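Peer 1: This is the structure I want to talk about, given as structure tokens.
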Amino acid sequence: MAFNSGEFRKVLGSFATGVTIVTTRDKRGVPHGLTANSFSSVSLDPPLVLFCIDKRSNCLPAFQEGEGFAINVLTDIQKDISDRFAFSEERWDGVKTTSLVTGVPVLEDCLANLDCSMHAQFDAGDHIIVVGKVEDILVKEEGDPLLYFRGMYRGVHIE
Ligand SMILES: Cc1cc2nc3c(=O)[nH]c(=O)nc-3n(C[C@H](O)[C@H](O)[C@H](O)COP(=O)(O)O)c2cc1C
76 MAFNSGEFRK VLGSFATGVT IVTTRDKRGV PHGLTANSFS SVSLDPPLVL FCIDKRSNCL
136 PAFQEGEGFA INVLTDIQKD ISDRFAFSEE RWDGVKTTSL VTGVPVLEDC LANLDCSMHA
196 QFDAGDHIIV VGKVEDILVK EEGDPLLYFR GMYRGVHIE
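In structure tokens, the structure reads:
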């Protein structure tokens with residue numbers, strides 16, 4: 076390869092993304108979730124989306140055995156919960172959730188939520204690509220996105 080892993084990370088970090096928390100519940104009904112910026116739209120018809128999860132993630136078994144997952148798109152005032160679902164063990168204390176069609180926990184007060192049934196999973200290097208079929212959505216007209224760029228949170232204000 077003509078580059079090292081640090082250079083590769085730098086290149087990936089120069090692509091600005093939104094920030095999501097992806098949530099699910101395991102067979103016993105216990106909620107799991109992690110912060111993820113690998114969310115992407117895939118298909119409009121049928122409506123498909125994806126995210127990528129590290130094979131080392133403690134949440135991976137819950138996503139693999141679960142019937143679905145929710146993508147929760149964060150606003151610029153949700154940095155704290157983003158950090159909590161990236162770095163902390165105590166993730167769910169005080170978090171307000173609801174459920175839509177699939178029954179997985181959907182976070183309240185987000186910019187948007189996509190409630191997905193499991194469509195496919197693909198092995199891809201050190202990650203698994205998880206594809207969901209969107210069963211229900213919530214979207215807010217107000218609010219600005221939380222952005223992630225060069226390893227830092229950012230905000231945007233569009234006039
Ligand atoms: C902004 C941001 C984006 C992230 N995106 C992803 C991602 O797309 N996929 C992933 O597996 N981890 C991602 N992570 C790291 C996970 O959030 C973190 O490793 C995870 O919470 C580990 O917890 P777990 O082992 O309990 O699942 C991201 C972290 C941050 C701060």
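Counted the way the working numbering counts, the sequence shown spans residues 76 to 234. Positions of the beta carbon are idealized from the N, C-alpha and C atoms, including for glycine. Keep in mind the model is a prediction, meaning the values are calculated, not measured.
Evaluate L189 with the Cβ neighbour count: other Cβ atoms within 10 Å of its Cβ, from every protein chain shown; 16 or more gives buried, anything less gives exposed.
Peer 2: That one is buried.
Peer 1: Is any non-hydrogen atom of ligand 1 found closer than 8 Å to the C-beta of V206, if you look at the structure I gave you?
Peer 2: Result no, Cβ not under 8 Å from ligand 1.
Peer 1: Compute the Euclidean distance between the alpha carbons of L175 and S157, then round it to the nearest angstrom.
Peer 2: Spanning the two alpha carbons is a distance of roughly 22 Å.
Peer 1: Count the other CB atoms within 10 Å of the CB of V181; is the residue buried (16 or more) or exposed (fewer)?
Peer 2: Buried.
Peer 1: With DSSP collapsed to three states, give me the class of F83.
Peer 2: Helix at F83.
Peer 1: Please go through the same chain and pick out, in chain order, the residues whose beta-carbon is closer than 6 Å to the beta-carbon of V94, but skip the five residues on each side of it.
Peer 2: The residues are N112, L149, S157, L221, Y223.
Peer 1: Apply the 10 Å Cβ neighbour rule to I96 and answer buried if 16 or more other Cβ atoms are within range, or exposed otherwise.
Peer 2: It is buried - the Cβ of I96 has at least 16 other Cβ atoms within 10 Å.
Peer 1: Is DSSP giving S157 helix, strand or coil here?
Peer 2: Residue state, collapsed to three classes: helix.
Peer 1: Quick one: what's S113 bridged to in DSSP?
Peer 2: Partner(s): none; S113 has no beta bridge.
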